[in-house]
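Numbering (the working numbering), first residue to last: 69 to 805. No residue lacks a Cβ here, since even glycine has one placed at the ideal position from N, Cα and C.
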C-alpha cells in the first residue's frame, strides 16, 4: 500500500519533470512534460538559484547579519544578468553564467579586509570591485588575450580550487552551528542541533535523488527537518526571515550610492581595490574558460574564448550595477545542462529567467529557509571541487614531478589560509610565471662532444683518425625554443661547465630557436666576448630566424669576428681547424710538396718512384670546375694545396647539394682508377688550388709494368675510402644517439 501511494505521487512528478518512468501506472492522467532546452534550463536554473542564495549570503557576511537578505537579492539579480549576457554574447553552448563560490569568497575576503565604516559603504565597495573586474575581463576579451587566463598551470588551479573548498567549509561552519551570516562567534549563541539540518543538506547534495535538482531537494528537506525539530522544542539557528525582493535590492542600492563619503581616499582605495579587481577578473575568467573547455570536450564544438569572456565580462559589469555580487560561468552547471538536453541558447535564457523569477516571486519561500540549510547546500556543492588526490602523489615513475606539483598546490592553499584568497590568487599568478619560466628555462635541446664529420670535410686518413681522437675538445650545444631571461643563464652555466670539463670550442646551434629577447641576446653576446674564438653561433645568415632576432635587438653587429657562421657545417669546420692547429698538425691550406704528401699517405719510396712520374701537376682558380657530373671518368686527382667542393648539380625541382669539402692530402675522382664510369658529382675549386692528376690510362699501364707499385697506390686510396666510411658511420651514430 505504501509503495503504490508513493508511486502515484512520484511518477507524475517525474513524468512532468522529464525523467523516465518505469512502465505505466494505468492511473493518473499524464501531466504536460518539459523537454529539451526548457527542461535543461529549468534544471540548471533551480540548481544555481539555490546556490546563488548562499553566494550572496557569503559576500556580505563581513558587513553583518542584517545584510543577508540584500545579498541574496543581489545574487539572484547577478545570476540572471550574467546568464542573459552570456546567452547573448557568448559563443559556447550552453554556457551557464551565474555566481560562484570562488568569486563570492574572494569578494567577501576583500570586504573583510577593507574595514569599511558602514554596510552601505561595503556594498558600494563591492560594486566598485565587480566593476573593475568586469573592465579587466573585457580588456582581455577585446585585445584577444583571453587565452592568457587559461595559461595558469594546473598545480596552481588545483591549489586555488582546494583553497575555495577549505574557505567555504570553514566560513560556513559557524552558520551550520546555528549562527547567522556575519554574526560574531560566541559559544553561548551556538545551536549544535543545526548541524543535523546542515548535514542533511550536505548528504542530499552529495547523494542526489535521481531526476530532481539536488539543491532544491536539499533545501526543501533540510527546511522541513528544521521545522520538525523546532516543533518538538529543539533549539536551532535562525531562518532568513526577510524576503529577498526587488524592493530590498533597490533600497540597498539607493543607500549604497549615498556612501561615497565613507570610502577611503582615492590613493589608498586604489592601492587595494586594483589588485583585488585584477585577482577577481583572473579567477572569473579562468572559471569561464574552464567551463567553455568542458563544453568543448563534451561536444567537440570549439567556441570562441574571446566571446565567452566578453559575455562574462559584460555580466560582471551588470553585477556591479546590481549590488556587487560577482559572477561568471559555471563548468558543472554548463555540462549538467548539456547532458540534460540543453544544446543552445534556450537553455541559457531559461536558466537566467529562473533566477529572475526567484527574485520576483520566491521571496516568501526564501524567508523560511534556515541559514544552516543554505550553508549545507554550499558545502555540499564545493566538496565536488575537492581534488585531494593531487595533493597526495602516488609513488612510481615521475614521483619527483608530482611532489613538486603538490608542493605548489599546498603553497597556494597555505597562502589562502594565512593571507586570504586575494593574496593567494596573486601568489598563484607569480607561481605561474615561475613555473612557466622554469619550464622554458632549459632551452638546451641536447649537447654532445666530438661533432667531427658534420663539417663534411675530407682529410687524409691519418689526420681524420687524429681529429676524431681530439674531437672531444669540441662541444655541440643544440638550442631550441625561446632564449630569454630565464633560459639564457642556463646556457652560460652549461658552457662554463663544458669548458671546465675540457671543451675548447663550443658551437651553439640556433637553428631551432624561435625567439631571442634582449636578456637572452646579451647573454649570448657576453658568452662570445668572454671566450673569443671558443664560442661560435650558427646558422646566422640573412634568412635565419636567429639572424633576424639578433639584428632586431641591435646585437648582431656587436658579435666578435669569427663568432658567427652561416651554417653548422662551417662552424664545425672552423672548430676542427682550431683543434688541428692546437694539436700542431700542419694547417689544411698550407702548401705541400708532392713527394711529402705521398709519403704522409704511406706510399713506399719504390712505389713513389714508379708512380710520381706518371702524375701531372695542375692548377685551378677559385670557382673553376675540375670534374663535371656526367663526364667520362678518365683520371684521379691528389689535392696538394687549397680546397675543393664536391657537390651534386642542381636539377629541376632540386637545388645543388654540397656533399663534401676536400682538404689537401685527399684523393678525389678515384673511381676512374677502379672502373670506367661517368662522373657522379661536380668538383669545384673552393679556393685557388694545386693538385696532381693521374690519368686512368697511365694507371693501367702501371698495373701491367709494376703491379706492386700499383697495388701500394691502391692501398693508399682504399685507406682513404675506409676513413671516409668510418667518419660517416661515426656521424650517423652521433645523430641517431
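Helix, strand or coil: which one does DSSP assign to residue i?
i, result
"residue 549", "strand"
"residue 514", "strand"
"residue 677", "helix"
"residue 128", "coil"
"residue 454", "coil"
"residue 258", "coil"
"residue 611", "coil"
"residue 371", "coil"
"residue 746", "strand"
"residue 657", "Its pLDDT being 40, under 50, residue 657 is placed unreliably by the model, and the measurement read from it follows with that caveat. In this structure, residue 657 counts as coil in the three-state DSSP scheme."
"residue 735", "strand"
"residue 539", "helix"
"residue 288", "helix"
"residue 819", "Missing from the structure shown is residue 819; the chain here goes from 69 to 805 and no further."
"residue 707", "strand"
Taking the alpha carbon of residue i as the point to measure from, which residue in the options has its own alpha carbon closest?
i, options, result
"residue 410", "758, 107, 736", "107"
"residue 495", "401, 476, 597", "476"
"residue 281", "627, 440, 766, 419", "419"
"residue 178", "675, 519, 392", "392"
"residue 116", "239, 423, 481", "423"
"residue 252", "180, 322, 608, 211", "180"
"residue 356", "206, 271, 435, 501", "206"
"residue 788", "670, 763, 778, 645", "670"
"residue 373", "471, 367, 208", "208"
"residue 249", "128, 212, 296, 288", "128"
"residue 565", "539, 595, 586", "595"
"residue 226", "482, 268, 767", "482"
"residue 306", "315, 316, 295, 300", "295"
"residue 167", "131, 154, 123", "123"
If you measure from the beta carbon of residue i to each beta carbon in chain C, is any gap under 8 Å?
i, result
"residue 538", "Within the model displayed, chain C is absent; a lone protein chain is all it includes."
What are the boundary residues of the beta strand (DSSP E) that includes residue i?
i, result
"residue 687", "684-688"
"residue 752", "750-753"
"residue 577", "573-584"
"residue 725", "725-730"
"residue 693", "693-695"
"residue 761", "757-763"
"residue 396", "395-398"
Where does residue i land, buried or exposed, given buried means 16+ other C-beta within 10 angstroms?
i, result
"residue 69", "At residue 69, the pLDDT of 38 sits below 50, so the modelled position is not reliable; the number obtained from the coordinates is stated separately. So residue 69 ends up on the exposed side."
"residue 597", "exposed"
"residue 222", "exposed"
"residue 677", "exposed"
"residue 467", "exposed"
"residue 681", "exposed"
"residue 119", "buried"
"residue 776", "exposed"
"residue 570", "exposed"
"residue 810", "Absent from the structure is residue 810, since the part of the chain shown begins at 69 and ends at 805."
"residue 762", "buried"
"residue 711", "buried"
"residue 463", "exposed"
"residue 366", "exposed"
"residue 559", "buried"
"residue 485", "exposed"
"residue 735", "buried"
"residue 652", "exposed"
Who are the near neighbours of residue i in its chain, counting only those whose CB is closer than 7 Å to its CB and skipping five residues on each side?
i, result
"residue 708", "660, 662, 665, 732, 758, 759, 760"
"residue 346", "204"
"residue 244", "262, 263, 266, 440, 443, 444"
"residue 240", "443, 446, 447"
"residue 196", "341"
"residue 375", "157, 158, 159"
"residue 352", "171, 201, 205, 380, 384, 394, 396"
"residue 654", "Residue placement at residue 654 cannot be trusted, given a pLDDT of 49 that sits under 50; what the coordinates show is reported in the next sentence. Hits under 7 Å: none found."
"residue 270", "444, 447, 448"
Residue i lies in the alpha helix (DSSP H); which residues open and close that run?
i, result
"residue 564", "556-568"
"residue 668", "662-668"
"residue 169", "169-182"
"residue 150", "136-157"
Take residue i and list the residues in its own chain whose beta-carbon comes closer than 8 Å to its own, dropping the five residues that flank it on each side.
i, result
"residue 699", "746, 747"
"residue 434", "121, 140, 308, 311, 312, 426"
"residue 718", "724"
For residue i, which residues in the same chain have their Cβ closer than 6 Å to its Cβ, ignoring the five residues on either side in sequence?
i, result
"residue 405", "108, 112, 162, 164, 415"
"residue 76", "Here residue 76 scores only 43 on pLDDT, less than 50, and its place in the model is too uncertain to base an answer on."
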